[in-house]
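Notes follow the structure.
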Amino acid sequence: MSNDQNDLLRRARNRRTALAPQRPAAAAVDAGPAPLSHAQQRMWLMEQLGQGGALYNVPIATRLRGPLDEAALATALTGLTERHAVLRTRYPRRGEQPYQHLEPAGPVPLAVLDATGDGTEQLTAEAARPFDLTEGPVLRVLLLRHAPEDHTLLLTIHHIAVDGGSLPVLAADLAELYAAARDGVEPRLPAPGMRYAEYARQERARDAELTAAADALAARLAGARPLPLLRPVAPGARDRRAGLHAVPLDPATVEGLRQLGARHGATLFAVVLTAAFATLRTAAGQDDLTLGCASGHRARPELRRTVGLGVNTLAVRAEPAGDASFAEAIALVRGALLEAQQHHQVPFDLVVERLGAAARGADGTPLLSASCDLVQPATALTLPGLDAEHVDVDLELAKFDLTLVLEEGPRPRCLVQHDHAALDGATAARLAEAFAAVLRAAVEDPDRPLAELPGEPLVRADRHPVLAALAAHPGVADAALVETADGPPLAYAVVRGAVAPSGTDLRALLRAAVPAAELPLAVTLLDRIPRGADGAVDRGRLPGAAGAAAPGGSGAAEADRATADRATAARATAATGPLDLVRAAFGELLGSVPPADGDFFALGGYSLVAVQLAERLRTRVGVPLTGLDILEHRTPRALAALLAAREEERRAALTRVDGFHSTEPRTGTVLLTGATGGVGAAVLQELMAQGRPVRVLVRPESAHLPALHGAEIAEGDLADLDSLERAVKDVDAVIHAACTFTEHEVDRAAMRALLDGWSGGPFVFVSSIDAYGRPPGTEVAEGGPSGAPVTAYGQAKLDCERMLFETAEATGHGPATVVRAPIVWGPHHRLRDQLRWGSTGDLYQAALAGRPIALPAAADGEPEQWNGAAWVHSAALARALAACALPDSPAAGRIVNAITGHVSWAEFGTELIRLLGSDSTLDLRPDADPELWRPWHYRADTLAAALQPEPGEDWRSVLAAMVG
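Take the position in the sequence shown, starting the count at 1, then add 62; the result is the number in my numbering.
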C-alpha cells in the first residue's frame, strides 16, 4: 500500500466528521422523476444562462479501416442506450427545478455521410452543434464514409450524461454489442452499474450531510484569493474560446518525476501539482494559491460500471514559501491534496454556496479559476475486425480560465490551456515554457528552493486610468470613479447613442486595458452623474458609493432635464416599495436582508440564484426581468430603480390607451404572436400602418408595449396553451412569429394549440433557414430539401411546418404559408442584441476588443469558396409577412424564403472594424468556427416585390444603426 493510501486511511479513521461513502439503508423507491445530481444541476444551469453551447460537448472520433457492418453498428448503438439509461435521458423542468425524464429505448439515428476532403470540417461542425437538454437526445452519432472500407465514427455526447470514467465502459460495451450483432449471437456483457438516476437520488438524499461538510470545507478556504494573473471576466454569456500552448518533454523527464514522487511517498500527479503551484507562485507573485483538480465518485463497487457524470472539482489550497525546496513543497502539496480528497463526495457547488462572497475576488473573479491535470493521450474506440485510429476533434473551448497539464505517453507534453478572455496568448505561452522548465528543474535538483526555480513575474504592474478609458469610448457621455478604502473602485457612466453600451460592455473593454487590481467592481449606468454646484461628483448620491474613501470624475455635458426628472422619479419610487421588495427577495434566497447597496456577488450570489431571483421579482412586480439583468445591475438599489423605471413606463402607457383589452375582434383582425420581439414589433407597425386591426398575444407585464399602437391585447404566452386557443378564436388571419428558441417542446405544443383553435383564414408561420440544415450545393431553392445535420432548433421548425400543412389539408382551412427567414437585422433593441451573440457575436466581440477576427479559409490545395450570412431587414420581413396574411398571397400554400441579401464574412468583419474604430485584423484560417462555414445563397423569388429594399435598408446602413 502506498504512502498516499496509508495517509488517507489514517486521516479518515481519525477524523470523526469524515463522510462515509455509504448507501441509504433502503434503496430508494421510485417516487417519480429523479432529480439532477449536483454536477448535472450546475451543467444544466450553464445552459439556461447561455454559457453552455459546445463547451460541454464530448466528441469521440475514431477512424475505422476495414469491412464495417453498418447494420451491426446501428444495433450496437441502440443496445448501448438500452443498457445505459442516462444516454436516453432528457432534462425538462417543473417550475424552477429540472428533473431527469427517461425516454423509452428506441433506435439510435445513425447519420451516414460521404466525407468531404478529410472530413475534418464535417466532424468539427457536428461535434460543435449544441444539444437541447430539455428535449434531448444527449447522444448523436455520425458516420463519415471516406471509401467503402474506410470510415470515421463520431459519437458526440453531452457532458451531463458522461465523464471520463464512463468512456472506457461505453467503449467496451459498444465493442461487445457490435461483435454480437455482427455475428448474430447474444452479447456477453458484465452486469451494468447502478443507474445514474438512482445515484442522483442517493446524493440528494444526503444533502443535509453534504451541506454540513461543505461548511467545513468553506472554512478551510477562508481568506483564499483568486489567481491575480487572470483578468476578471464580466458576468453573463462568454464564448470560452481557448488557446493551447504545448512544450515537448523528454520521456526521461516524466520518468524522473515519477521516481521523485516515489522517493517522497507521492504520486506523479502530486508532483505535477507541486510544479504547477511553484510555477504560478512565481508568475503571480503570491504564495497562497488555490487550484482545482478533478475527482471521481467511482470508489463504490456498484458505481464502477455506472455511466454518468460522476466527477467533482476539488479545491486544493497550499502556501509554499520561496525558501522551501521543491522536495519540501511536494510534502506540503501532497498533504493538501490528500486533505481535499477526503471530501471528494462534497459537491463543489455546495462549497461555493457556503463561501458566499468569498467564492469570488473583489473584482468578481471566481476563486477556483485555475486547475491542474495529468492526462493520457486519447485512445481509439476499437471495434472487432477493424483497424482503429483516434481522431482528434478539438472544439477549442476552455472550461477553466487557466489549466496546467502534463500529458503522458510516448511523446509527453507540457500543456497550458487558457480562456482568451482571462489571459492573453503571449502570457500563456511564457507560462507554458516556465511550467516545462520547472518540471525539468525538479528532476535535475529537487533540493533547489522554489524562489530559484525558472520563471518570471507575469502580473502587470502598470496602471491604466479607468476614467481615461471610459472617456475615450464614443458611447460614453460622462463618467465618474470613486476609490474605496479596501476594495476595487466603483465606476459610473452616462451612455449615449442609438445602440449605447451596457455596463457589462464597458467593463469588458476596461478589462482589456486595466490591471486586475484597478478594474472597477462594476460600471453602473446612470441617467446623469450627480454633481454639486462646483461640478464635483456628489458621491453620496451615487449608488453603492456611500463610505467610499475618495471621489474622482471627469466632466462632460449633462443629460437633458427630462431624462434627469425620470431618473429622480425612478429613485423616489425605488426608495419606497420596490427597494424593500427587492431586498426581501435577496434575503429569501441569500439568507439575510442586505443593505440597499449590497453587491449581489459580495452577498454570496451566483448564477442559479440570479435566475431564481429574476423569476421571483418578475412574478411579484409584473415587469420583465432576466437573470442577466441581475448579474448586470447587482445591487438592490440598482435593481429597484430598474424595476421602477419599467413599471413607470408600463403605467404611463396604460393610462394613454383605453380599451385595449377588447375581446370583440374587428373584421379582418390578424392575430400576431411575438409582438414584443424584434420581428413582431416590425410586423405590428406594418399592419397598423396598413390600417389592419391586430390582436397580439403578450405576457401581462409586457402588454403596454403593443398597446401603444392601438392593438387589441390577448394576455398569455407560448407555455399557456389555453391562452393560445383563446387568442386565435374568431380572428381572420394568423401570423405566428413567437418562438422560445430553446424550449422546443413548448414551441411544438404552442403550434398545436394554435392550430386546434384555428377556424380559417391565412395562417403564416415564421420559420427559419435553419430548417434547411446544411443543404447540398450552394444555391438553395425555396422549400428545397434539408441536409444533415439539422439543429434541434431547425428540427422544431420543420415539425411545426409539417403540423401546419397537415392541419390545413385535413380541415380545409387556409391558406397556410411558411416563411423561412435568416438573421434579422433592424433598429429594435432585441435585434441589435443579436450582434453580440452566436457566430456574429463572436465576430463583434473580437472587433470590440481589438482581437483578430477569425474567418474561414480553405486549407492549402483546396479551392476557395464564399462563406457568409443571409440576412433580412426587419421592415422588409414585416412587409412580406403582412402580404402573406392576405387570402390571395402568391406564397399561399408554399414554403418561401424571406431574404434581403447575402454578406460575406470578410465584408461583415471589415465593416465592423470600421464602425467600431477597431484595431482588429481579419485572420483567414481553415480552423475557424464551424458555424461560419456557410456557403449557401437562398433564393427568395416569391416575395421579391415585398422584400425590395427601401432607402436605408441596405446592409451597411442597418449595421451602422445597430452598432450605433
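We put the CB at the ideal spot given by N, CA and C, even for glycine.
Would residue 799 and residue 736 qualify as a contact pair, given that the criterion is a beta-carbon distance under 7 Å? Your numbering for residue 799 matches position 737 in the sequence shown. Your numbering for residue 736 matches position 674 in the sequence shown. Contact annotation: residue 799 and residue 736 have beta-carbon atoms nearer than 7 Å.
Pop quiz: residue 731 and residue 793 are said to be a contact at Cβ under 8 Å. What is the actual Cβ separation, rounded to whole angstroms? By one-based count along the sequence shown, residue 731 stands at place 669. By one-based count along the sequence shown, residue 793 stands at place 731. Indeed, because the Cβ distance is near 5 Å, the residues count as touching under 8 Å.
If I'm right that residue 959 touches residue 831 with Cβ under 8 Å, what's the distance once you round it to whole angstroms? As a working mapping, residue 959 is identified with position 897 in the sequence shown. As a working mapping, residue 831 is identified with position 769 in the sequence shown. At roughly 7 Å, the Cβ-Cβ gap stays under 8 Å, so residue 959 and residue 831 are in contact.
As an exercise, report each continuous alpha helix (DSSP H) stretch of at least 4 residues that is fully enclosed by the segment 320 to 360, in chain order. 330 to 346
Could you tell me whether the segment 242 to 261 touches the segment 377 to 396, using the rule of 3 or more Cβ pairs below 8 Å? Flag = no, the segment 242 to 261 and the segment 377 to 396 do not touch.
Reduced DSSP secondary structure (H/G/I, E/B, other) of residue 1017: Mapped onto the sequence shown, residue 1017 falls at position 955. Reduced to three states, the DSSP call for residue 1017 is helix.
Please list the terminal residues of the continuous beta strand (DSSP E) segment that includes residue 470. Position 408 of the sequence shown, counted from the start, is the residue given in the question as residue 470. Unbroken run through residue 470: none, as it is neither H nor E.
Between the alpha carbons of residue 372 and residue 879, how many angstroms are there, rounded? Taking the sequence shown and counting its residues from 1, the one referred to as residue 372 is at position 310. Taking the sequence shown and counting its residues from 1, the one referred to as residue 879 is at position 817. Using only the alpha carbons, I get a separation of about 48 Å.
Output the boundary residues of the beta strand (DSSP E) element that contains residue 875. Here residue 875 corresponds to residue number 813 of the sequence shown, with the count starting at 1. Careful: residue 875 lies outside any beta strand (DSSP E) and carries neither H nor E.
Quick one: any contact between the segment 464 to 478 and the segment 490 to 504, if contact means 3 or more CB pairs under 8 Å? yes
Near residue 204, which residues of its chain fall below 6 Å by C-beta distance, leaving aside the five closest residues on each side in sequence? Position 142 of the sequence shown, counted from the start, is the residue given in the question as residue 204. Contacts found: 173, 188, 216.
With the cut-off set at 7 Å, would you say residue 774 and residue 757 are in Cβ contact? Within the sequence shown, residue 774 is the residue found at index 712, counting from 1. Within the sequence shown, residue 757 is the residue found at index 695, counting from 1. Contact: yes.
Can you tell me which of the three DSSP states residue 162 falls into? Position 100 of the sequence shown, counted from the start, is the residue given in the question as residue 162. Reduced to three states, the DSSP call for residue 162 is strand.
Consult DSSP for residue 211 and reduce its assignment to one of helix, strand or coil. Taking the first residue of the sequence shown as position 1, residue 211 is located at position 149. Coil.
So residue 885 is in the alpha helix (DSSP H); what residue range does that whole segment cover? Residue mapping note: residue 885 aligns to position 823 of the sequence shown, counting from 1. Counting along the chain, residue 885 falls outside any alpha helix (DSSP H), though it belongs to the beta strand (DSSP E) covering 885 to 887.
What residue range is occupied by the uninterrupted alpha helix (DSSP H) comprising residue 495? The residue given as residue 495 occupies position 433 in the sequence shown. Note, residue 495: alpha helix (DSSP H), 487 to 506.
Output needed for residue 728: all residues of its chain with C-beta closer than 6 Å, excluding positions within five of it in sequence on either side, in chain order. Residue mapping note: residue 728 aligns to position 666 of the sequence shown, counting from 1. So the list reads 755, once near-sequence residues are dropped.
Burial state of residue 488 (16 or more Cβ within 10 Å): In the sequence shown, residue 488 corresponds to position 426, counting from 1. With fewer than 16 other Cβ atoms within 10 Å, it is exposed.
Specify the secondary structure class of residue 982 as computed by DSSP and reduced to three states. Position 920 of the sequence shown, counted from the start, is the residue given in the question as residue 982. Residue 982: coil per DSSP, three-state reduction.
At 3 residues or longer, what runs of the beta strand (DSSP E) sit wholly inside the segment 921 to 987? 930 to 935, 957 to 959, 963 to 966, 984 to 987
Hey, how far is the Cα of residue 1018 from the Cα of residue 663? Along the sequence shown, read from residue 1 onward, the residue named residue 1018 stands at position 956. Along the sequence shown, read from residue 1 onward, the residue named residue 663 stands at position 601. Answer to the nearest angstrom: the Cα atoms are 40 Å apart.
Which same chain residues end up closer than 6 Å to residue 1051 when comparing Cβ atoms and leaving out the 5 residues on each side of it in sequence? Any question about residue 1051 goes unanswered here, given that the chain covers just 63 to 1026.
Check the DSSP bridge columns for residue 428 and list the partner residues they point to. Your numbering for residue 428 matches position 366 in the sequence shown. In the DSSP output, where bridge partners are listed per residue, residue 428 has 422.
Residue 392 lies in the alpha helix (DSSP H); which residues open and close that run? Here residue 392 refers to the residue found at position 330 when the sequence shown is read from its first residue. From DSSP, the alpha helix (DSSP H) with residue 392 extends over 388 to 403.
Count the C-beta pairs between the segment 362 to 372 and the segment 218 to 232 that are closer than 8 Å, then say yes if the count reaches three, no if not. yes
Do residue 136 and residue 444 have their beta-carbon atoms positioned less than 7 Å apart in this structure? Here the question's residue 444 lines up with position 382 in the sequence shown. Here the question's residue 136 lines up with position 74 in the sequence shown. Against a cut-off of 7 Å, the Cβ pair of residue 136 and residue 444 comes out as no contact.
Per DSSP, what kind of secondary structure is residue 1000 in: helix, strand or coil? What you label residue 1000 is simply residue 938 of the sequence shown in a count that begins at 1. In the structure shown, residue 1000 sits in a strand (DSSP, three-state: E or B).
Helix, strand or coil, according to DSSP, for residue 624 in the structure here? Taking the sequence shown and counting its residues from 1, the one referred to as residue 624 is at position 562. At residue 624 the pLDDT is 31, less than 50, meaning the model places this residue with poor confidence; the figure from the coordinates comes in the next sentence. Correct three-state label for residue 624: helix.
Verify whether the separation of the beta carbon atoms of residue 1001 and residue 833 is less than 7 Å. Position 939 of the sequence shown, counting from 1, holds the residue named residue 1001. Position 771 of the sequence shown, counting from 1, holds the residue named residue 833. Taking 7 Å as the Cβ cut-off, residue 1001 and residue 833 do not qualify as a contacting pair.
Under 6 Å from any heavy atom of the ligand GDP, does the C-beta of residue 180 make it? In the structure on display, the ligand GDP does not appear, and there are no ligands present to speak of.
Is it buried or exposed for residue 803, if we count other Cβ within 10 angstroms and need 16 for buried? Your numbering for residue 803 matches position 741 in the sequence shown. Classification of residue 803: exposed, given that the 10 Å Cβ count is below 16.
Per DSSP, which one or two residues make a beta bridge with residue 554? Taking the first residue of the sequence shown as 1, we reach residue 554 at position 492. Per DSSP, 542, 586.
Take residue 344 and list the residues in its own chain whose beta-carbon comes closer than 6 Å to its own, dropping the five residues that flank it on each side. Along the sequence shown, read from residue 1 onward, the residue named residue 344 stands at position 282. Only 517 meet the Cβ criterion.
At what residue ranges does the segment 92 to 145 contain a whole run of the alpha helix (DSSP H), taking only runs of 4 or more? 100 to 110, 132 to 145
Applying the 10 Å Cβ sphere with the 16-neighbour rule, what's the burial state of residue 891? On the sequence shown, residue 891 is found 829 positions in, with the first residue counted as 1. Looking at its Cβ environment, which holds fewer than 16 other Cβ atoms inside 10 Å, residue 891 is exposed.
Between the C-alpha atoms of residue 931 and residue 161, what's the straight-line distance to the nearest angstrom? One-based indexing of the sequence shown puts residue 931 at position 869. One-based indexing of the sequence shown puts residue 161 at position 99. Going from the Cα of residue 931 to the Cα of residue 161 covers about 37 Å.
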